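>
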Amino acid sequence: MNFTNFRFELDADGIALATWDMPGRSMNVITPEVMSELEQIIDKVAGDEAIKGCVITSGKEAFSGGADLTMLQGLGAEYAKLAKEKGEEAAMQFFFDESRKLSLLYRRLETCGKPFAAAVHGVCLGGAFELALACHFRVLSDVDSTRVGLPEVKVGLFPGAGGTQRVARLMQTGDALQMLFKGEQIRPLMARNMGLVHAVAPRDGIVQAAKDWIKGGGSALAPWDQKGYKLPSNKVYSAAGMQIWPPANAIYRRETQDNYPAIRAILESVYQGLQLPMDLALKVESRWFAKILRSKEAAAMIRTLFISMQDLNKGARRPKDVPPTSLRKVGVIGAGFMGASVAYVTANAGIEVVLIDRDVEAAERGKAHSHKLVSDQIMKGRAKTADRDALLARITASADYNDLKDCDLVIEAVFEDPKVKAEVIQKVEAAIRPDCIFASNTSTLPISGLAQQSKEPNQFIGIHFFSPVEKMMLVEIILGKETGDKALATALDYVRLIKKTPIVVNDSRGFFANRCVLAYILEGHLMLTEGVPATMIEQAGKQAGMPVGPLSLNDEVGVDLGLKILRATKAQLGAAAIIPEQEQLLTTLVEQEGRLGRKNRKGFYDYPEGGQKRLWPGLKDLQVNPAAAELIDMDELKQRLLVTQALEAARTVEEGVVTDPREADVGSILGFGFAPYTGGALSYIDFMGAKAFVELCQRLQAKHGDRFAPPKILLDMAPSGETFYGRAGAKKAA
1 MNFTNFRFEL
11 DADGIALATW
21 DMPGRSMNVI
31 TPEVMSELEQ
41 IIDKVAGDEA
51 IKGCVITSGK
61 EAFSGGADLT
71 MLQGLGAEYA
81 KLAKEKGEEA
91 AMQFFFDESR
101 KLSLLYRRLE
111 TCGKPFAAAV
121 HGVCLGGAFE
131 LALACHFRVL
141 SDVDSTRVGL
151 PEVKVGLFPG
161 AGGTQRVARL
171 MQTGDALQML
181 FKGEQIRPLM
191 ARNMGLVHAV
201 APRDGIVQAA
211 KDWIKGGGSA
221 LAPWDQKGYK
231 LPSNKVYSAA
241 GMQIWPPANA
251 IYRRETQDNY
261 PAIRAILESV
271 YQGLQLPMDL
281 ALKVESRWFA
291 KILRSKEAAA
301 MIRTLFISMQ
311 DLNKGARRPK
321 DVPPTSLRKV
331 GVIGAGFMGA
341 SVAYVTANAG
351 IEVVLIDRDV
361 EAAERGKAHS
371 HKLVSDQIMK
381 GRAKTADRDA
391 LLARITASAD
401 YNDLKDCDLV
411 IEAVFEDPKV
421 KAEVIQKVEA
431 AIRPDCIFAS
441 NTSTLPISGL
451 AQQSKEPNQF
461 IGIHFFSPVE
471 KMMLVEIILG
481 KETGDKALAT
491 ALDYVRLIKK
501 TPIVVNDSRG
511 FFANRCVLAY
521 ILEGHLMLTE
531 GVPATMIEQA
541 GKQAGMPVGP
551 LSLNDEVGVD
561 LGLKILRATK
571 AQLGAAAIIP
581 EQEQLLTTLV
591 EQEGRLGRKN
601 RKGFYDYPEG
611 GQKRLWPGLK
621 DLQVNPAAAE
631 LIDMDELKQR
641 LLVTQALEAA
651 RTVEEGVVTD
661 PREADVGSIL
671 GFGFAPYTGG
681 ALSYIDFMGA
691 KAFVELCQRL
701 QAKHGDRFAP
711 PKILLDMAPS
721 GETFYGRAGA
731 KKAA
């Protein structure tokens with residue numbers, strides 16, 4: 001048989017091998033064409049008596065990342081068109097039928113009467129893992145890069161091709177729900193221990209292991225299709241079952257604050273499905289999947305966390321006329337926590353690093369940070385001693401700026417002082433090649449101002465990392481007034497090499513991310529000065545969808561740093577640029593109470609050694625007019641905390657700091673955790689509608705002050721219902 005996306009071979013034992021290998025792609029994805037060919041393979045295997053069974057494997061370094069989500073976006077557009085032309089009922093039936101096709105295909109494979117085995121190497125996620133789950137035998141390669149999982153929940157969806165039903169029948173219900181809620185990638189041995197796969201084998205032995213299983217008489221019946229099958233956690237309404245569902249519902253509410261419909265759908269799908277035979281259970285799952293796929297949360301999250309993020313990772317903002325840069329060696333100036341972390345992620349990407357500090361001892365201490373990070377990975381079984389040795393060999397600790405002479409890129413990460421940075425710039429430029437790009441990792445100082453100290457301002461750029469560097473996936477690239485295309489291309493190529501997601505912004509005080517973060521923290525401070533109990537402020541932040549409350553976040557970045565930024569803003573822009581109540585609050589905390597944040601174990605919270613953090617009781621004494629909790633509108637608190645960030649994001653667009661809404665949305669979620677279910681700070685406005693958002697801002701402005709005044713860009717958008725993405729599309733078309 002001839003296929004475009006599969007190679008189909010039959011061996012002497014009558015065992016077929018279907019090798020999934022899509023042409024022109026580095027990763028296999030599920031498309032309508034792949035589904036059509038897979039259906040033909042199933043029919044061939046089922047209908048040919050000479051074929052005993054079939055092994056499905058991949059011809060690439062990974063099995064598959066799952067479905068092409070742009071395919072699902074197209075379904076949404078077709079649904080809207082049909083609803084307009086033929087009515088809602090016809091559109092919903094079409095949507096259900098189309099979104100169910102993959103689930104029916106996998107069930108056809110599972111019940112075709114011939115054994116299918118999946119031989120998996122590399123990542124196997126989402127719809128691809130659902131394919132493996134529909135196979136009767138699953139074997140994984142024993143390498144660390146092999147991972148399985150159902151991560152759909154991270155883009156506002158849930159497994160819709162049988163994943164919820166098969167996982168919940170393979171393991172204890174509570175464990176299945178946790179796996180589905182978290183959407184984590186699972187390593188081979190853990191997957192076997194969880195009961196998700198049957199075997200783990202060396203990479204070059206997985207296909208043979210799968211064939212041996214078929215040759216040995218492997219069953220073509222899934223466990224749940226066999227007579228006498230019992231659920232791992234017993235029936236839903238059994239004594240054991242009733243110990244699972246009430247806590248599961250409580251965990252869902254605690255973890256999601258009811259902001260994520262997909263997680264509620266997982267609960268419902270599993271709860272209802274476990275009471276039904278498999279075919280009906282799959283139909284229930286499909287109905288929930290179709291419902292979630294039409295939700296605004298799914299639309300927003302798919303657009304931002306899959307499509308936009310993929311675009312940015314592929315270099316959407318890279319100047320097209322600049323050839324690919326060769327980054328063999330990178331210099332890092334400053335071996336403190338930030339610089340040491342930058343050195344680690346750079347060396348981890350296979351790039352040579354020169355780590356410079358005032359003396360070799362300080363540089364070696366920075367290098368030791370990499371030793372610790374890899375050692376932690378070794379302890380967890382995720383790296384080997386040889387990996388650590390190789391990484392450390394790529395880092396040269398030095399105090400000699402002449403060691404930078406062969407660097408392609410130099411990143412300074414020294415103290416946030418213009419004088420210190422100016423001195424470093426001069427020392428670096430005296431040592432580097434004329435074509436070397438210089439980047440500053442400043443988080444507060446304008447790049448254009450720093451570039452004035454450079455002999456080559458066109459080769460000067462900002463690369464703002466977020467802490468901790470090894471965990472945070474966002475990097476903010478800042479263009480100075482004279483930054484050239486080569487500097488931008490080099491910065492983007494570097495960020496891609498270290499496997500992080502870049503956003504590109506124009507120079508401005510606070511750039512993009514810090515401006516929004518400071519607005520969130522400010523609102524928390526002002527709520528406190530209004531007399532709102534600190535516990536309610538923090539809870540409002542989490543209920544709104546933020547990872548932590550504004551007071552907790554301030555402790556993490558430093559209460560003293562907040563005061564320093566406030567005073568610097570006042571000195572530069574005048575007293576009208578700050579709010580006196582915030583300055584008074586921070587002055588009291590820092591200068592009178594000595595509360596600097598987590599770093600000295602006391603800020604808005606106390607941090608007892610070995611114990612859990614708790615809000616400082618003294619906060620109540622700082623409130624002149626404490627408000628009664630029962631009189632406070634919790635919904636308004638949540639609105640204020642999100643609206644203030646979204647307003648700041650809108651202002652950055654108006655000012656030209658952000659020129660692409662994709663970057664604002666991706667940056668707001670990856671950079672500071674802006675309520676992911678909204679799709680990001682600008683999507684939050686777009687999905688609410690500019691008119692409704694402006695009206696909300698005006699109500700908050702009347703009650704709480706001009707910081708909620710909608711900027712001109714929103715006032716212009718409101719009458720016509722224009723969106724940020726619509727504006728961006730119109731500009732591109734022009």
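Throughout the sequence shown, residue numbering follows my numbering, covering 1 to 734 in sequence. From the three backbone atoms N, C-alpha and C, an ideal C-beta is built for every residue, glycine too. What you are looking at is a predicted structure, and each value in this text was computed from that prediction instead of being measured.
Restricting to Cα atoms, I'd like to know which of Glu423, Ala383, Asn348 is closest to Lys367.
If you number the sequence shown from 1, residue 367 lands on position 367. If we check each option's Cα against that of Lys367, Asn348 comes out closest.
> Select from Trp245, Pro23, Leu280, Pro277 the residue whose C-alpha is nearest the C-alpha of Arg264.
The residue labelled residue 264 in the question sits at position 264 within the sequence shown. With distances taken between Cα atoms, Arg264 lies closest to Trp245.
> I'd like the ranges of any alpha helix (DSSP H) spanning at least 4 consecutive residues and lying wholly in the stretch 305 to 359.
Segments of the alpha helix (DSSP H) lying fully in the stretch 305 to 359: 309 to 313, 337 to 348.
> Could you name the residues of the same chain whose beta carbon sits closer than 6 Å to that of Pro550, not counting the 5 residues immediately before and after it, in chain order?
One-based indexing of the sequence shown puts residue 550 at position 550. Correct list, in chain order: Tyr520, Ile521, Gly524, Gly541.
> Could you give the C-beta distance for Gly149 and Tyr106, rounded to a whole number, given that I count them as a contact under 8 Å?
Stepping through the sequence shown from its first residue, residue 149 is reached at position 149. Stepping through the sequence shown from its first residue, residue 106 is reached at position 106. Not a contact, Cβ separation roughly 17 Å.
> Taking only three categories from DSSP, how would you classify Tyr605?
Position 605 of the sequence shown, counting from 1, holds the residue named residue 605. Strand.
> Does Phe289 come out as helix, strand or coil in the three-state DSSP assignment?
The sequence position of residue 289 within the sequence shown is 289, counting from 1. Helix.
> What is the residue span of the alpha helix (DSSP H) that Phe96 lies within?
Taking the sequence shown and counting its residues from 1, one reaches residue 96 at position 96. Segment 88 to 99, the alpha helix (DSSP H) holding Phe96.
> Which residue wins for smallest C-alpha separation from Tyr725, given the options Gly680, Pro719, Phe337, Arg388?
For the purposes of this step, residue 725 is taken as the residue at position 725 of the sequence shown. The shortest C-alpha separation from Tyr725 is found at Gly680.
> Report the CB separation of Phe129 from Pro115 in whole angstroms; it is logged as a contact under 8 Å.
As a first step, residue 129 is located in the sequence shown; it is residue number 129 there, counting from the start. As a first step, residue 115 is located in the sequence shown; it is residue number 115 there, counting from the start. Not quite, the Cβ-Cβ distance comes to about 19 Å (not below 8 Å), so this is no contact.
> If you count every other CB in all the chains shown that lies within 10 Å of the CB of Leu714, and 16 or more means buried, which is it?
Within the sequence shown, numbered from 1, the residue matching residue 714 stands at position 714. So Leu714 counts as buried.
> For Lys419, I'd like the list of residues in its chain whose CB is within less than 8 Å of its CB, leaving aside the five on either flank, ordered along the chain.
The sequence position of residue 419 within the sequence shown is 419, counting from 1. Nothing meets the Cβ criterion.
> Hey, quick one: how far does the alpha helix (DSSP H) through Trp245 stretch, first residue to last?
Translated into the one-based positions of the sequence shown, residue 245 becomes position 245. Looking at the DSSP string, the run of the alpha helix (DSSP H) that includes Trp245 is 245 to 256.
> So, helix, strand or coil for Ala62, using DSSP?
Stepping through the sequence shown from its first residue, residue 62 is reached at position 62. Looking at Ala62 - three-state DSSP - the assignment turns out to be coil, as it is neither helix nor strand.
> Can you give me the Cβ contacts of Met35 inside the same chain, cut-off strictly under 8 Å, excluding the 5 residues immediately before and after it?
On the sequence shown, position 35 is the one that residue 35 refers to. For Met35, where only same-chain residues beyond five positions count, the Cβ hits under 8 Å are Lys101, Leu102, Leu105.
> What separation, rounded to the nearest whole angstrom, lies between the Cα atoms of Ala91 and Leu282?
Here residue 91 corresponds to residue number 91 of the sequence shown, with the count starting at 1. Here residue 282 corresponds to residue number 282 of the sequence shown, with the count starting at 1. Going by the C-alpha atoms only, they are around 21 Å apart.
> If you drop the 5 nearest sequence neighbours on each side, which residues of the same chain put their C-beta closer than 8 Å to that of Lys215?
Start at 1 with the first residue of the sequence shown, and residue 215 comes out as number 215. So the qualifying residues of the chain are Asp13, Ile15, Lys52.
> Just to confirm, are Met71 and Thr31 a CB contact at a threshold of 8 Å?
Counting from one through the sequence shown, the residue named residue 71 turns up at place 71. Counting from one through the sequence shown, the residue named residue 31 turns up at place 31. Yes. Within cutoff.
> Assign Phe687 to one of three DSSP states: helix, strand, or coil.
Taking the sequence shown and counting its residues from 1, one reaches residue 687 at position 687. Helix.
> According to the neighbour-count rule (16 or more other Cβ atoms, all chains shown, within 10 Å of its Cβ), is Ala571 buried or exposed?
For this step, residue 571 is matched to residue 571 along the sequence shown. Exposed, by the Cβ-count rule.
> For Ala709, count neighbouring C-beta atoms within 10 Å of its own C-beta (all shown protein chains included) and say buried if the count is 16 or more, exposed if not.
Translated into the one-based positions of the sequence shown, residue 709 becomes position 709. The residue in question, Ala709, is exposed, as its Cβ has fewer than 16 Cβ neighbours within 10 Å.
> Going by beta carbon distance, what residues of the same chain come within less than 6 Å of Ala734, once the five residues before and after it are set aside?
Residue 734 sits at position 734 when you count from the first residue of the sequence shown. Low confidence applies to Ala734: its pLDDT is 48, below 50, so where it sits in the model is not reliable enough to give any reading.
> Do the CB positions of Thr529 and Glu581 come within less than 8 Å of each other?
By one-based count along the sequence shown, residue 529 stands at place 529. By one-based count along the sequence shown, residue 581 stands at place 581. Closer than 8 Å, so yes.
> To the nearest angstrom, report how far apart Val322 and Ala67 are at their CA atoms.
As a working note, residue 322 is residue 322 in the sequence shown. As a working note, residue 67 is residue 67 in the sequence shown. One C-alpha to the other measures close to 33 Å.
> Leaving out five residues before and five after Phe95 in sequence, what residues of the same chain have Cβ atoms less than 6 Å from its Cβ?
Counting from one through the sequence shown, the residue named residue 95 turns up at place 95. Tyr79, Ala290.
> Could you pull the DSSP bridge partners for Ser398 from this structure?
Translated into positions along the sequence shown, residue 398 becomes position 398. Answer is Ile356, bridged to Ser398.
> What is the DSSP secondary structure of Arg138, counted as helix, strand or coil?
Here the question's residue 138 lines up with position 138 in the sequence shown. Here Arg138 sits in strand by DSSP.
> With DSSP run on the structure shown, which of helix, strand or coil describes Ile503?
The count along the sequence shown starts at 1 and reaches residue 503 at position 503. In this structure, Ile503 counts as strand in the three-state DSSP scheme.
> DSSP three-state label for Ala734, please.
Along the sequence shown, read from residue 1 onward, the residue named residue 734 stands at position 734. Reliability of the predicted coordinates at Ala734 is poor, the pLDDT of 48 falling under 50, and the value obtained from them is presented with this limitation in mind. The answer is coil: DSSP assigns Ala734 none of H, G, I, E or B.
> If you draw a straight line from the C-alpha of Pro446 to the C-alpha of Arg7, how long is it?
Within the sequence shown, residue 446 is the residue found at index 446, counting from 1. Within the sequence shown, residue 7 is the residue found at index 7, counting from 1. The straight-line gap from Cα to Cα measures roughly 55 Å.
> Lys613: which of Val342, Asp359, Ala568, Leu553 sits nearest, CA to CA?
Along the sequence shown, one-based indexing puts residue 613 at 613. If we check each option's Cα against that of Lys613, Leu553 comes out closest.
> Below 8 Å, can you find three or more Cβ-Cβ pairs linking the stretch 320 to 339 to the stretch 355 to 364?
Because the criterion of three Cβ pairs below 8 Å is met, the stretch 320 to 339 and the stretch 355 to 364 touch.
> Considering only DSSP beta bridges, list what Trp20 is partnered with.
Position 20 of the sequence shown holds residue 20. In the DSSP output, where bridge partners are listed per residue, Trp20 has Phe6, Ser58.
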